[in-house]
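Following UniProt numbering, the numbering of the sequence shown begins with 1 at its first residue and continues without gaps.
Even glycine gets a Cβ: it sits at the ideal position worked out from N, Cα and C.
For reference, the structure discussed in these notes is given below.
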Amino acid sequence: MLEIKDLHVEVGGKEILKGINLVIQPGEVHAVMGPNGSGKSTLSYVLAGRPGYEVTGGSILYKGKDLTKLEPNERTAAGVFLAFQYPTEVPGVTTMTFLKTALNAVRVARGEDELDAVRFLKLVRGKAKDLNITDDMLKRPLNVGFSGGEKKRAETLQMALLEPSLAVLDETDSGLDVDAMRVVAEGVNALRSPERSMLVITHYQRLLDHIVPDHVHILAGGRIVKSGPKELAREVEETGYADIKTDAA
Ligand code: ADP
Ligand code: MG
Ligand code: MG
């Protein structure tokens with residue numbers, strides 16, 4: 001699904017990612033953990049194709065094709081979903097309209113027909129209910145004045161509608177209360193399938209009690225310094241990042 005090889009990324013002329021290797025098979029959930037400033041968000045931005053994040057070496061293959069050759073909207077259309085640490089506010093556009101536009105763009109790219117208002121409403125209401133998202137919230141402008149939990153739920157709804165092949169989630173679990181985290185985790189878990197892969201990026205181990213990954217990677221100083229099974233997340237929680245024994249050592 002995703003094959004990252006010796007990836008080097010520069011931001012503003014400074015090398016932030018210094019040779020990342022990561023292979024995610026279909027159906028797998030991988031977690032990337034690491035201290036603040038280790039390059040976690042940089043990894044999500046480069047996968048999203050955000051301007052200013054320059055690949056200076058290595059490669060990113062998605063379903064065998066060079067992901068870096070695709071524009072951000074082409075990545076979405078190809079089945080890559082990215083949830084950012086700081087969701088953007090979209091004033092003037094209701095959450096409902098935003099979601100309908102996003103879904104129909106992806107459907108068209110997949111060669112499917114566009115959903116009309118009636119079919120979309122039926123679909124979105126069903127999925128929104130599972131995430132405790134009210135009609136009132138769907139009528140508000142996307143993310144404007146949303147609490148941290150509401151933003152994450154809206155984002156999880158978007159992911160549930162788009163049904164991506166690869167979901168990359170850069171998590172703000174710091175701002176989430178336990179209930180909101182559980183709703184998001186349940187939404188994510190409901191999407192786990194043998195055809196779908198997920199990359200969950202998080203500073204905290206807490207989230208990984210709810211979204212249990214198949215593999216955990218520790219990112220430090222722009223490199224993956226250790227990889228292991230789900231228990232590695234617990235180990236980090238107990239010892240802290242500074243005391244983790246790296247694979248290289
Ligand atoms: P994390 O998400 O793990 O906290 P980031 O990917 O946000 O880490 O940042 C990694 C490093 O890149 C940090 O040292 C940060 O200061 C630096 N960085 C991030 N964005 C920029 C930028 N636009 N220009 C220069 N340096 C940046
Ligand atoms: Mg950070
Ligand atoms: Mg970050």
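- Residue pairing by DSSP places residue 198 opposite 29, 167 in a beta bridge.
- The alpha-carbon separation between residue 14 and residue 4 amounts to approximately 20 Å.
- The set of residues with any CB-heavy atom separation to ligand 1 below 6 Å comprises, in chain order, 11, 12, 14, 16, 34, 36, 37, 38, 39, 40, 41, 42.
- Around the beta carbon of residue 136, fewer than 16 other beta carbons sit within 10 angstroms, so the residue counts as exposed.
- Using a 10 angstroms sphere on the CB of residue 108, the tally of other CB atoms stays under 16, which defines it as exposed.
- Excluding sequence positions up to five before and after residue 128, its CB lies within less than 7 Å of the CB of 138, 157, all in the same chain and listed in chain order.
- In this structure, the beta-carbon distance from residue 40 to residue 218 does not fall below 7 Å.
- Taken in chain order, the complete beta strand (DSSP E) segments of 3 residues or longer contained in the stretch 198-244 are 215-220, 223-228.
- Here DSSP, grouped into helix, strand and coil, assigns residue 113 to coil.
- Only residues of its own chain outside the window of five on either side were considered, and among them 41, 44, 84, 85, 201 have a CB closer than 6 Å to the CB of residue 170, listed in chain order.
- Two segments are said to touch when three or more pairs of C-beta atoms, one from each, lie closer than 8 Å; by this definition the stretch 235-245 does not touch the stretch 64-72.
- Excluding five sequence positions before and after residue 12, the CB atoms of its chain that fall closer than 8 Å to its own CB belong to 52, given in chain order.
- The C-alpha of residue 165 lies about 6 Å from the C-alpha of residue 197.
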